[in-house]
Amino acid sequence: MMRLLPICFITMAMAASVGCQPERKSFVPNAGGDVPTMTTDSVCTFISDSGYTRYRITTLLWQMFDDCDEPYWRFPFGLELVQYDRQMRPNANVICDSAVYFSRLRLWRLDGHVVMVNTLRDSFLTEQVYWDQTRTKVYSDSFIHIVRSDRIIEGYGFEANQTMTAFNVNRPTGIIPVERRKPGADTVALDDSSNGFDLRGRRTAPVRASERRPQPSYIHSEPGFTPRRPQKSGTL
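Take 1345 as the starting number for the sequence shown in this note's numbering and just add one per residue.
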């Protein structure tokens, strides 16, 4: 019996040492990059700012990444954004192929075929544009094609207010006068290089003046926004 006592003491000491050890935790790092905290499909929603309804967003897919060092929203399949004033009157309309919104910075980046229309029905076509809501500025370094009622302006880089009613082209490359249509004149079919849309209403890349076929007059039309998913297999 006395011989068994040391063994019992040793066993109890080992059990006590194991029970007093601190809990160990291990974490598996995320190897897949940013993971969206929320994903919403087929969205048409209004966004408020300072107590007023300021924007309406229509998009096929809206992803929020709020756990990143720089939180952002992602719209991989494009969006239509309508901006309103305090009387709920549209100030501007924007359509693009994809977009990212950095929520903490209040900064939009629009990519692809970007089409912006202001209240004067002036159209702005470019490939990439930034919209800084804090500074109330819209700007870009890309090629810009601007269609106004009396002329077409082309150049590289521009800066405008966020309603797109006052703007400056940094490096203009051409200003083309446009003949206004007379009342009662026959409708002229739009050429596929006239204003960034083909005859079926599909968006095309902006075309420089030197590459555009001459037109007897210019008629601007704004097709409706119909977002479509890319036809490809696989997951996001």
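Using N, Cα and C, we set each Cβ at its ideal position, and we do this for glycine too. From a predicted model like this one, the values you see are computed outputs, not experimental measurements.
Practice problem: Entirely within the region 1388-1433 and at least 3 residues each: give me those beta strand (DSSP E) ranges in chain order. | Solution: 1396-1409, 1416-1419 and 1423-1428
Exercise. Taking only the alpha-carbon atoms, compute the straight-line gap between D1411 and D1378 and give it to the nearest angstrom.
Key: For the purposes of this step, residue 1411 is identified with residue 67 of the sequence shown, where counting begins at 1. For the purposes of this step, residue 1378 is identified with residue 34 of the sequence shown, where counting begins at 1. Here the C-alpha atom of D1411 lies approximately 8 Å from the C-alpha atom of D1378.
Quiz item: Based on the DSSP output, what are the partners of S1467 in its beta bridges?
Solution: Translated into the one-based positions of the sequence shown, residue 1467 becomes position 123. DSSP output for S1467 lists V1461 and V1491 as bridge partner(s).
Quiz item: Any idea what DSSP makes of N1454, helix, strand or coil?
Solution: Here residue 1454 refers to the residue found at position 110 when the sequence shown is read from its first residue. The residue asked about is misnamed: residue 1454 is Leu in this sequence, not Asn. Looking at L1454 - three-state DSSP - the assignment turns out to be strand.
Practice problem: Starting from T1517, follow the beta strand (DSSP E) in both directions and report where the run begins and ends. | Solution: As a first step, residue 1517 is located in the sequence shown; it is residue number 173 there, counting from the start. Start and end: F1511 to P1521.
Quiz item: Is the region 1416-1427 touching the region 1398-1405, taking contact as three or more C-beta pairs under 8 Å?
Solution: yes
Quiz item: Between which two residues does the beta strand (DSSP E) harbouring S1447 extend?
Solution: In the sequence shown, counting from the first residue as 1, residue 1447 sits at position 103. Neither: S1447 is in no beta strand (DSSP E) and is coded neither H nor E.
Quiz item: Does N1462 get closer than 9 Å to chain B when you measure Cβ to Cβ?
Solution: In the displayed structure, chain B is absent; only one protein chain is listed.
Quiz prompt | D1385 - DSSP class collapsed to helix/strand/coil | solution = Stepping through the sequence shown from its first residue, residue 1385 is reached at position 41. Looking at D1385 - three-state DSSP - the assignment turns out to be strand.
Quiz item: Is F1419 closer than 9 Å to P1380 when the C-beta atoms are compared?
Solution: For the purposes of this step, residue 1380 is taken as residue 36 along the sequence shown, with counting starting at 1. For the purposes of this step, residue 1419 is taken as residue 75 along the sequence shown, with counting starting at 1. Contact check for P1380 against F1419 fails: the beta carbons are separated by 9 Å or more.
Exercise. Leaving aside the five residues before and after G1376 along the sequence, list all residues of the same chain whose C-beta is less than 6 Å from its C-beta, in chain order.
Key: Against the sequence shown, residue 1376 aligns to sequence position 32. Because the pLDDT of G1376 is 49, which lies under 50, any placement of that residue in the model is unreliable, and the number read from its coordinates should be weighed accordingly. So the list is empty, once near-sequence residues are dropped.
Quiz item: So is S1467 buried or exposed if we call it buried at 16+ other beta carbons inside 10 Å?
Solution: Looking up residue 1467 in the sequence shown gives position 123. S1467 is buried by the Cβ-count criterion.
Practice problem: Please name the residue in P1415, S1392 and T1517 whose C-alpha comes closest to that of R1448. | Solution: Taking the sequence shown and counting its residues from 1, one reaches residue 1448 at position 104. Out of P1415, S1392 and T1517, P1415 has the C-alpha closest to the C-alpha of R1448.
Self-check item: Cross-strand partners of N1505 (DSSP beta bridge)
Solution: The sequence position of residue 1505 within the sequence shown is 161, counting from 1. Answer by DSSP bridge pairing, in chain order: K1481.
Practice problem: Spatial neighbours of P1516 within its chain, please: CB distance less than 6 Å, with the 5 preceding and 5 following residues excluded, ordered by chain position. | Solution: On the sequence shown, position 172 is the one that residue 1516 refers to. Excluding residues within five positions, the ones whose Cβ falls inside 6 Å are G1499.
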